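Structure, as structure tokens:
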Amino acid sequence: MKINDLAQMGFYLVILVVLAIPLGRYMAKVLQGEKTFLDKVMGPLEKLIYRVCGINPEEDMNWRQYAGALIVFNILGIVTLFILEMLQGHLPFNPEKLGAMRWDLALNTAVSFVTNTNWQAYSPESTMSYFTQMAGFTVHNFASAATGIAVAVALIRGLTRRQAQAIGNFWVDLTRSTLRILLPLSLLGALLLSSQGVIQTLSPYLTVHTLQGPSQTLALGPVASQEAIKLFGTNGGGFFNANSAHPFENPTPFSNLLEMLFILLIPVGLTFTFGHMVKDVRQGRVIFGAALILFILMLALTYGSEIAGNPLIGKIGITGASAMEGKEVRFGVANSALFATVTTATSCGAVNAMHDSLTPLGGLAPMLQMMLGEVVFGGVGAGLYSLLTFVILTVFIVGLMVGRTPEYLGKKIEGFEMKMAVLAVLIPSACILLGSALASILPAGTSSLANPGPHGLSEMLYAFASGSANNGSAFAGLNANTYFWNLSLALVMFVGRFGVILPLLAIAGSMAKKKIAPVSAGTFQTTGGLFSGLLSGVVLIVGALTFFPALALGPIVEQLLMWAGKAF
Amino acid sequence: MLRTAGRAFVLLLIMTLITGIAYPLVVTGLDQLIFPHQANGSLLYKDGKPVGSALIGQDFTAPGYFHGRPSAAGKTGYDATSSGGSNLGPTNKTLLAEAGQRAAEVRRENGLAANAPVPSDLITASASGLDPDITPAAARIQVARVAKARNLSVAKVQTLVNRYTERRQFGFLGEPRVNVLRLNLALDALTGR
């Protein structure tokens with residue numbers, strides 16, 4: 001452990017919170033339709049959009065209408081993105097003349113970007129045209145993040161409205177989140193990143209005569225614009241194969257700091273937004289606190305394991321960190337471990353180090369965060385609604401233990417909400433475990449493995465956890481561009497996204513109808529440090545009970561064998 | 001249902017125009033105006049011709065140049081159209097064998113003892129395969145070799161390495177590092193190649 005490493009991590013966390021608090025307040029204003037400084041620009045634009053689309057912004061939808069609009073919009077997104085990918089050879093902004101990809105890869109990628117996963121079974125610089133990356137991927141980087149915010153805000157409305165039918169207007173939530181939160185932040189972010197060296201050009205790839213010779217072709221592209229929303233939207237799909245390890249995506253330690261801030265700003269801010277919207281900032285703080293506890297635990301595990309390093313490499317006789325395989329010199333161990341924790345705490349999935357080459361326990365923490373359901377702040381919107389699922393579970397479990405009626409924010413938690421909350425937790429867990437089980441007994445699954453021994457199981461577990469949690473990072477040695485992996489992961493990404501969103505919108509609808517009971521002596525307090533501790537405890541216990549056996553066979557046994565000096 | 005689909009389609013189209021076309025083009029315009037050097041790839045020139053990007057590592061094997069890190073990008077390494085790492089796991093025998101071979105080679109090239117410790121970044125592949133940097137320690141052990149190949153004094157080369165050693169950004173961010181291409185360009189300028 002080095003002082004400078006701790007200083008960097010501490011600095012990051014402080015800046016993050018300092019920026020997230022005002023952002024949380026601003027987002028609450030935007031989502032509640034209050035006045036903000038962007039009204040003059042965005043107000044008329046929004047009106048125009050609503051008129052052209054035939055949307056009545058005053059319309060208040062019940063949960064079924066809300067869910068219907070969301071599903072239709074997203075499925076349409078998958079279909080149009082699929083078509084765009086297949087036709088890219090005939091479309092403009094394609095200086096490298098890249099053609100159509102195989103249908104299973106196109107489908108996997110379309111589902112991947114629409115579900116905010118951004119799993120990439122291809123190498124972008126040799127597969128995707130500038131047009132596909134801009135008009136396809138960048139658009140869904142915005143739209144999928146805005147969809148996440150919409151679901152979160154609909155759920156908050158359900159928790160706060162009294163005896164109401166409606167939970168808001170999906171079109172309005174989507175449009176306002178995009179134009180007033182994601183777009184301004186991305187514009188600013190793209191320029192900041194470019195100041196550090198992130199490229200932004202539509203020129204074709206450049207071939208240079210190198211110093212020693214012979215030559216090198218530099219893949220270029222409109223990177224900065226996509227990079228910013230890739231992070232702000234917790235999407236994570238790299239413009240290049242190496243993602244945020246690529247120097248054109250993440251050139252300096254400062255750009256790296258910015259990128260880690262961009263990833264967590266909105267998810268952390270939304271916990272404060274929640275406090276403002278329920279008119280009790282303590283309710284937001286308690287959720288923030290629970291996620292922060294988990295974040296620090298996971299960071300300690302990743303960093304501790306990476307700095308302890310790989311004794312098998314150490315034996316060769318080295319100076320410097322032993323776990324430098326798959327890491328960049330400018331980031332070193334500390335910034336690689338911090339980035340890996342940040343990117344999997346949220347559903348981002350951008351990487352600045354190759355996770356496949358992390359030490360076993362260093363790779364366990366990212367995997368575990370995805371398995372927990374991306375609730376360590378989580379993805380944009382998705383993190384907050386998944387955290388609220390666990391709040392409902394916690395209130396219920398604690399209510400049973402102390403013999404009080406489970407209620408949250410004055411609303412009774414009853415059978416229907418519990419069933420839906422349990423579904424939202426079970427569906428992704430089942431996807432991960434059943435998917436990995438299937439892959440590990442089928443030759444179509446195991447033939448894609450890059451690493452032997454327990455690490456191979458980790459590769460499969462990681463892939464399904466990443467798909468189901470809509471993260472998108474990978475143990476990238478796995479050759480995922482096969483029919484089996486493309487199709488099974490497309491299914492898991494789809495179910496992992498909408499299998500959580502639909503139960504939650506149902507909860508929103510049913511909670512909206514309820515009365516708000518006044519606080520009494522029988523009310524269990526959901527504010528304060530005790531509840532933060534309970535909430536993070538429930539998240540960990542549910543996760544551990546579900547996944548410990550699988551993790552024991554993968555990263556845990558590999559770590560023990562590595563310490564024992566065994567290689568495969 | 002049909003009306004919803006119609007609204008969704010038009011909204012998606014408008015969002016594509018705003019976030020997929022207008023936004024990247026506006027950023028391109030602004031970047032080309034404010035940060036043209038960065039936006040076009042931070043290119044470095046020699047005799048007026050671009051020789052590469054300051055951000056993208058190149059393959060150096062000649063004894064007179066400082067060598068970068070092992071690269072898994074493309075078939076032969078440092079292929080800037082095929083970025084990526086080795087993705088070898090920590091207990092993979094291939095990783096350990098490759099690292100061992102590279103250590104032996106580094107020792108041989110630089111005339112070190114068979115058990116001399118080697119900077120770890122010189123025996124491990126980077127994440128991008130295009131890492132432009134090495135650690136100051138990795139530059140230091142190559143100084144004597146480069147000096148000999150170029151008929152320069154060790155002190156002179158070491159001074160150059162020191163000048164091209166970047167400290168942590170703002171004093172505390174990231175790690176100290178040496179940009180291999182910039183250093184080698186400076187070497188060429190020094191010896192008039």
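Keeping their order, the protein sequence lines are chains A and B.
Under our numbering, the first residue of the first sequence is numbered 1, with each subsequent residue one higher.
Under our numbering, the first residue of the second sequence is numbered 1, with each subsequent residue one higher.
Just so you know, even glycine gets a beta-carbon here, dropped at the ideal spot from N, CA and C.
None of these values were measured; they are calculated from a predicted model.
For the pair Leu504(A) and Ala430(A), the CB atoms are not nearer than the 8 Å cut-off. Residues of the stretch 491-523 of chain A that bring their beta carbon within less than 7 Å of a beta carbon in chain B are absent altogether.
Taking the CA atoms as reference points, Lys75(B) sits about 50 Å from Leu45(A). The C-beta distance from Thr178(A) to Thr4(B) rounds to 19 Å, too long to meet the 8 Å contact threshold. Contiguous alpha helix (DSSP H) elements confined to the stretch 16-65 of chain B occur at 23-34, 36-39, taking only those with 4 or more residues. DSSP assignment within the stretch 15-93 of chain A yields the following whole alpha helix (DSSP H) runs of 4 residues or more, N-terminal first: 39-53, 63-87. At a cut-off of 8 Å between beta-carbon atoms, Asn162(B) makes no contact with chain A. Gln158(B) has no beta-bridge partner at all, per DSSP. At a cut-off of 8 Å between beta-carbon atoms, Asp356(A) makes contact with chain B. Of the residues assessed, Ala62(B) falls on the exposed side of the cut-off, its CB having fewer than 16 other CB atoms within 10 angstroms. Note on Pro36(B): under 16 other CB atoms within 10 angstroms of its CB, so exposed under the neighbour-count rule. Membership of Val178(B) in any alpha helix (DSSP H) is not indicated; the residue belongs instead to the beta strand (DSSP E) covering 177-179.
Of all residues in the stretch 184-208 of chain A, those with a C-beta nearer than 8 Å to a C-beta of chain B are Ser186, Leu187, Ala190, Leu191, Ser194, Ser195, Gln196, Gly197, Val198, Ile199, Gln200, Thr201, Leu202, Ser203, Tyr205, Leu206, Val208, reading in chain order. Considering only beta carbons, the part of the stretch 167-187 of chain B lying closer than 8 Å to chain A consists of Arg168, Gln169, Phe170, Phe172, Leu173, Gly174, Glu175, Arg177, Leu181, Asn184, Leu185, in chain order.
Within the stretch 399-485 of chain A, complete alpha helix (DSSP H) segments of at least 4 residues are found at 415-441, 443-446, 454-468, given in chain order. Ala100(A) sits exposed, since fewer than 16 C-beta atoms from the chains shown fall within 10 Å of its C-beta. When C-beta atoms of the stretch 521-532 of chain A are compared with those of the stretch 446-465 of chain A, fewer than three pairs fall below 8 Å, so the two segments do not count as touching. Distances from the alpha-carbon of Trp63(A) to those of Ala150(A), Ile78(A), Asn74(A) put Ala150(A) closest.
DSSP, read as helix, strand or coil, puts Ala245(A) in helix. As for any alpha helix (DSSP H) of minimum length 4 sitting wholly inside the stretch 523-566 of chain A, the runs are 529-551, 557-563, ordered along the chain. In the DSSP assignment, Ser215(A) falls within the beta strand (DSSP E) that extends over 215-218. Going by DSSP, Leu187(A) is part of the alpha helix (DSSP H) stretching over 183-196. For the 8 Å CB-CB criterion, Asn310(A) and Phe331(A) do not form a contact. Straight across, the Cα-Cα distance linking Ser510(A) with Val268(A) is about 27 Å.
At a cut-off of 8 Å between beta carbons, Gly453(A) contacts chain B. Assigned with DSSP and collapsed to three states, Ala143(A) falls in helix.
Contact with chain A is found for Gly84(B), since one of that chain's Cβ atoms lies less than 8 Å from the residue's Cβ. Residues of chain B with a Cβ closer than 7 Å to the Cβ of Ala308(A) do not exist; the shortest Cβ-Cβ separation is about 11 Å. Going by beta carbons, Asp121(B) and Ile141(B) fall outside the 8 Å limit. Residues of chain B whose Cβ lies closer than 8 Å to the Cβ of Asn352(A) are, in chain order, Ala127.
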